[in-house]
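These notes concern the structure reproduced below.
In UniProt numbering, the protein residues as written are 1 to 186.
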């Protein structure tokens with residue numbers, strides 16, 4: 001099934017993929033660089049036996065997260081579940097919704113999540129974030145995309161589609177600026 005609409009953005013970042021990845025999956029850094037989703041809460045641990053401390057805020061496969069997004073003057077809260085988490089050294093994640101396993105390049109980091117705030121028959125979203133290692137290794141390519149499905153995706157497109165697109169652009173450009181600055185958060 002094709003999405004009702006897709007928001008996407010891509011940028012080249014003059015920082016290693018590992019630096020970009022560490023910023024992307026550490027939600028404690030988001031207030032410093034992410035104007036679209038400046039904060040997120042971990043709602044549950046993906047693994048009860050996890051050694052992750054309460055101070056660590058790194059995204060884990062299977063976690064549920066509460067995103068606090070800002071679109072213009074409005075704030076929104078959504079619940080998302082991390083469905084994909086891959087690094088160049090990790091095995092591929094389970095097959096996507098089409099049943100096709102992802103056999104990504106060995107030089108790709110990938111994290112994705114699905115919306116859990118609505119029943120999936122009303123609206124489903126899938127967000128993918130991909131960090132590719134650049135040819136020199138000192139740069140990377142960041143790609144982000146969110147697909148919207150279901151009957152509620154239509155009014156979402158009309159009311160907030162442009163804001164979602166702008167939000168993804170702000171997210172990517174904020175990540176780029178933070179990674180390239182060599183700041184302590186990276």
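The beta-carbon is built from N, C-alpha and C at its ideal position, and this holds for glycine as well.
It should be emphasised that the depicted structure is a prediction, and the values quoted were computed from it without experimental measurement.
Are the beta-carbon atoms belonging to residue i and residue j less than 8 Å from one another?
| i | j | result |
| --- | --- | --- |
| residue 39 | residue 33 | no |
| residue 9 | residue 172 | yes |
| residue 157 | residue 149 | no |
| residue 175 | residue 111 | no |
| residue 130 | residue 7 | no |
| residue 17 | residue 109 | yes |
Suppose you measure from the CA of residue i to the CA of residue j; what does that come to, to the nearest Å?
| i | j | result |
| --- | --- | --- |
| residue 146 | residue 37 | 14 Å |
| residue 101 | residue 127 | Low confidence applies here, because residue 101 scores a pLDDT of 44, under 50, leaving its location unreliable; read the following figure in that light. Rounded to the nearest angstrom, the two C-alpha atoms are 17 Å apart. |
| residue 136 | residue 122 | 44 Å |
| residue 61 | residue 118 | 20 Å |
| residue 181 | residue 140 | 14 Å |
| residue 195 | residue 21 | For residue 195 there is no data in the structure shown, the boundaries of the chain being 1 and 186. |
| residue 166 | residue 78 | 18 Å |
| residue 42 | residue 67 | 9 Å |
| residue 169 | residue 88 | 25 Å |
| residue 155 | residue 132 | 33 Å |
| residue 3 | residue 116 | 17 Å |
| residue 28 | residue 151 | 34 Å |
| residue 120 | residue 144 | 21 Å |
Output needed for residue i: all residues of its chain with C-beta closer than 6 Å, excluding positions within five of it in sequence on either side, in chain order.
| i | result |
| --- | --- |
| residue 44 | 64 |
| residue 114 | 81, 83, 126 |
| residue 12 | 141 |
| residue 85 | 61, 111 |
What is the DSSP secondary structure of residue i, reduced to helix, strand or coil?
| i | result |
| --- | --- |
| residue 203 | In this structure the chain extends from 1 to 186, so residue 203 is not present and cannot be described. |
| residue 1 | coil |
| residue 115 | strand |
| residue 172 | helix |
| residue 10 | strand |
| residue 16 | coil |
| residue 164 | helix |
| residue 108 | strand |
If you drop the 5 nearest sequence neighbours on each side, which residues of the same chain put their C-beta closer than 7 Å to that of residue i?
| i | result |
| --- | --- |
| residue 26 | 57, 58 |
| residue 5 | 148, 153, 157, 161 |
Under 8 Å Cβ to Cβ from residue i, same chain only, skipping five residues before and after it: list those, please.
| i | result |
| --- | --- |
| residue 71 | 36, 160, 163, 164, 166, 167 |
| residue 1 | 149 |
With a floor of 3 residues, list each beta strand (DSSP E) that falls wholly inside the stretch 122-146, ordered by position along the chain.
Runs of beta strand (DSSP E) with 3 or more residues, each lying fully within the stretch 122-146, are found at 124-133, listed in chain order.
Contiguous beta strand (DSSP E) assignments of at least 3 residues, all confined to the stretch 58-93
Fully enclosed beta strand (DSSP E) runs of 3 or longer: 64-71, 74-86.
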